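Sequence positions in the sequence shown follow our numbering and run 55 to 445.
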Amino acid sequence: MTSSPTAGARPDEVRRHNRTALLRRLHVGGPCTRAALATELGLNRSTIKALVDGLAESGVVEERVPRLRSGAGRPSLLVLPRSHAAVVLAVDIRVEQVAIALVGLGGEMLARNSWNLHGRARDPDELITHVIESTRVLVDDLGVRMTGVGVSVPGVVRRRDGFVHEAPNLRWSGIPLGDRLGVALAAPVRVANDAEIAALAEHLRGAARGSLDAVYVSADIGVGGGVISDGSTLRGTAGYVGELGHMVVNPAGRACYCGSRGCWETEVGELALCRALDLPEHSPRGMVVAELRALAQRPELAAARLGEFREWLTLGLVNIVNAFGPELVVLGDLFTALPPALVAEVGAEVGRRSLVSRAIGGTRVLASAMGSDVKLVGAAELAFEPVLDMV
55 MTSSPTAGAR
65 PDEVRRHNRT
75 ALLRRLHVGG
85 PCTRAALATE
95 LGLNRSTIKA
105 LVDGLAESGV
115 VEERVPRLRS
125 GAGRPSLLVL
135 PRSHAAVVLA
145 VDIRVEQVAI
155 ALVGLGGEML
165 ARNSWNLHGR
175 ARDPDELITH
185 VIESTRVLVD
195 DLGVRMTGVG
205 VSVPGVVRRR
215 DGFVHEAPNL
225 RWSGIPLGDR
235 LGVALAAPVR
245 VANDAEIAAL
255 AEHLRGAARG
265 SLDAVYVSAD
275 IGVGGGVISD
285 GSTLRGTAGY
295 VGELGHMVVN
305 PAGRACYCGS
315 RGCWETEVGE
325 LALCRALDLP
335 EHSPRGMVVA
345 ELRALAQRPE
355 LAAARLGEFR
365 EWLTLGLVNI
375 VNAFGPELVV
385 LGDLFTALPP
395 ALVAEVGAEV
405 GRRSLVSRAI
415 GGTRVLASAM
425 GSDVKLVGAA
435 ELAFEPVLDM
445 V
């Protein structure tokens, strides 16, 4: 028999555990009645009352009459988090753009800013300085105090201290990003690979919500992946994990900047899509998306032009499903513009060709519906992980 997380714990530890569980439920799941909280968390009503009353007194939650009322009698009050009770900074660093947002308890984006990267703007010193200055403007405008920072980076990141070992498409190497932001912003900073962060967002607030085992795969200039295993983010040694784009699928293929040849991203990344669509390499992202969406209206032409691309995408996903056994694969970034019929065909083919998919009764493959904010959302959730224990 498995013991509960609080078995043998001191009363104060039990209260702290229950408090964090309740806050996490409200933060991710939204407003809820006391009765529903008791049921979902497996706690008695007196415990829920004590927790909610204590959090309300400290200004962390409040109770309101629901806007939509049904039936006769007095409606049950909804417990909801107060967004300004805890505010974190989310930073999404991409190859061509940076976005930042102040995000409140419950996931509400309270303020945001973004800017494009050109020339020296990609230099780590320039970029970090711009992030710090823009953050201070947002914080001053809102009049809040940050309790944590989460940062998404398209590279290999050491989770312990946010050290960016390498971000090739930014031309970064050996950047102590976490330490530098932490000192300047006077707040705890957590940094992670962008695909890992997107997987976290999908798991908590997107298509993979409720899935214990899922994989997020995204295509930008490179291809990355994040893995949710048994409900937790798979992090690997020192946090170095998720470089699914450098899985070799074609030993006779193109040389990759990583030093290998025939990496998956050389066959399904942005440059590969440009070749498949007969566009010049490094065409504007909008042009690539427009071409893909136009092909969605012409299935026969899509099959002809994207046939080889579809095969490489399928092959990589079969390997991923066989390795990790997810119930769900979520395609993000540029993959979300693929014709829906092609995504459906890839999903069906993965089901036929993956031994593990057949064994577990099928793995769904679908496109993300979270849009361009997915990594901002994930960065905020990364920052909130330790904050919810302290609010």
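For glycine and all other residues, C-beta sits at the position ideal for the given N, C-alpha and C.
Remember, it's a predicted structure, so these values are computed and weren't measured experimentally.
Cβ of Leu420 within 8 angstroms of Cβ of Val384?
-> Cβ distance < 8 angstroms, so Leu420 and Val384 count as in contact.
Kindly provide the ranges of any beta strand (DSSP E) runs that are 3 or more residues long and lie completely inside the segment 226-259, ordered along the chain.
-> The beta strand (DSSP E) runs of length 3 or more contained entirely in the segment 226-259 are, from start to end of the chain, 226-229 and 243-247.
Arg79 to Lys429 span [Cα, whole Å] = Whole-angstrom Cα-Cα distance: 21 angstroms.
Chain-order list of residues whose beta-carbon lies under 6 angstroms from that of Phe389 (same chain, five-residue window excluded) | The residues Ala273, in chain order, have a CB closer than 6 angstroms to that of Phe389 in the same chain once the five nearest residues on each side in sequence are set aside.
Could you give the DSSP three-state label for Asp443: helix, strand or coil?
-> Coil.
Option in Gly276, Arg259 and Met200 with minimal Cα separation from Ala424 = Per the sequence shown, residue 424 should be read as Met rather than Ala. Closest option to Met424, Cα to Cα, is Arg259.
Quick one, which of Ala391, Arg212, Glu187 and Asp107 has its alpha-carbon nearest Ile154's?
-> Distances from the alpha-carbon of Ile154 to those of Ala391, Arg212, Glu187 and Asp107 put Glu187 closest.
State yes or no: is the C-beta of Met2 within less than 8 angstroms of the C-beta of Val141?
-> Residue coverage of the chain in this structure runs from 55 to 445, which leaves residue 2 outside it and unanswerable.
Considering Leu164, what are the terminal residues of the beta strand (DSSP E) in which it resides?
-> For Leu164, the enclosing beta strand (DSSP E) covers residues Met163 to Asn170.
Relative to the C-alpha of Val445, which residue among Ala139, Thr189 and Asp107 is closest?
-> Looking only at Ala139, Thr189 and Asp107, the smallest Cα-Cα distance to Val445 is reached by Ala139.
Straight-line CA distance for Asn304 to Leu143?
-> In a straight line, the C-alpha of Asn304 is about 40 angstroms away from that of Leu143.
His81 vs Gly204 beta-carbon contact at 8 angstroms = In this structure, His81 keeps its C-beta atom at 8 angstroms or more from the C-beta atom of Gly204.
Under the three-state DSSP convention, the category Met424 falls into = The answer is coil: DSSP assigns Met424 none of H, G, I, E or B.
From the DSSP output, read off the bridge partner residues of Tyr270.
-> In DSSP, Tyr270 forms a bridge with Gly280 and Val384.
For Gly307, which three-state DSSP category applies?
-> Shown here, Gly307 sits in coil according to DSSP, grouped into three states, outside any helix or strand.
Nearest to Arg457 (by Cα), restricted to the options Ala326, Leu181 and Leu254 | In the structure as shown, the chain starts at 55 and stops at 445, and residue 457 therefore has no counterpart that could be examined.
Run the CB neighbour count on Tyr311, radius 10 Å, all protein chains shown included, and call it buried at 16 or more, exposed below.
-> For Tyr311, the number of other beta carbons within 10 angstroms of its own is below 16, and it is reported as exposed.
Inter-residue spacing [alpha-carbon to alpha-carbon] between Arg407 and Phe378 | Arg407 and Phe378 have their alpha carbons spaced roughly 15 angstroms apart.
Under 8 angstroms Cβ to Cβ from Asp443, same chain only, skipping five residues before and after it: list those, please.
-> Excluding positions up to five away in sequence, the list reads Arg70 and Thr74.
What number of angstroms, rounded off, separates the C-alpha of Glu67 from the C-alpha of Leu97?
-> Rounded to whole angstroms, Glu67 and Leu97 show a C-alpha spacing of 15 angstroms.
Leu235 versus Pro178, His219, Ser227 and Ala249, residue with shortest Cα-Cα distance | Checking every option, the nearest Cα to that of Leu235 belongs to Pro178.
Residue burial classification, Arg118 (beta-carbon count within 10 angstroms, cutoff 16) = It counts as exposed.
Answer yes or no: the CB of Thr291 versus the heavy atoms of the ligand NAP, is any distance below 7 angstroms?
-> The ligand content of the structure shown is nil, which means the ligand NAP is not present either.
What did DSSP end up calling His219 once you bin it into helix, strand or coil?
-> Of the three classes helix, strand and coil, the one that applies to His219 here is strand, per DSSP.
Taking the CB atoms as reference points, tell me whether Arg347 and Ala402 lie closer together than 8 angstroms.
-> Judged by beta-carbon spacing, Ala402 lies beyond the 8 angstroms limit of Arg347, meaning their Cβ atoms are not closer than that value.
Take Pro208 as the anchor and find which of Ala238, Ala246, Val431 and Thr287 has the nearest alpha-carbon.
-> Checking every option, the nearest Cα to that of Pro208 belongs to Ala246.
Nearest-angstrom Cα separation, counted from Glu365 out to Arg176 = Distance between the alpha carbons of Arg176 and Glu365: 34 angstroms.
If you draw a straight line from the alpha carbon of Asp233 to that of Glu439, how long is it in whole angstroms?
-> So the two alpha carbons sit approximately 19 angstroms from each other.
Note down, in chain order, each residue of its chain lying with its Cβ closer than 8 angstroms to the Cβ of Arg88, except the 5 sequence neighbours on either side.
-> So the qualifying residues of the chain are Arg99, Ile102, Lys103, Val106, Ser130, Leu131 and Val133.
Taking Cβ positions, are Gly313 and Val277 nearer each other than 8 angstroms?
-> Against a cut-off of 8 angstroms, the Cβ pair of Val277 and Gly313 comes out as no contact.
Within 10 angstroms of the Cβ of Val237, are there 16 or more other Cβ atoms? Answer buried if so, exposed if not.
-> Under the 10 Å beta carbon count, Val237 is surrounded by fewer than 16 other beta carbons and is classified as exposed.
What are the start and end residues of the beta strand (DSSP E) that includes Ser206?
-> Run containing Ser206: Met200 to Val207, per the beta strand (DSSP E) assignment.
Candidates Ser265, Arg136, Val145 and Trp318: closest to Leu367 by CA position = Looking at the Cα atoms, Trp318 is the closest of the given residues.
Buried or exposed by the 16-neighbour rule on C-beta atoms within 10 Å, applied to Thr183 | The Cβ neighbour count for Thr183, taken over all protein chains shown within 10 Å, is under 16; the residue is labelled exposed.
Bridge partners of Cys86, per DSSP?
-> According to DSSP, Cys86 bridges with Val133.
Please go through the same chain and pick out, in chain order, the residues whose beta-carbon is closer than 8 angstroms to the beta-carbon of Arg339, but skip the five residues on each side of it.
-> Excluding its 5 nearest sequence neighbours in each direction, Arg339 has C-beta neighbours in its own chain below 8 angstroms: Glu150, Glu324 and Leu388, listed in chain order.
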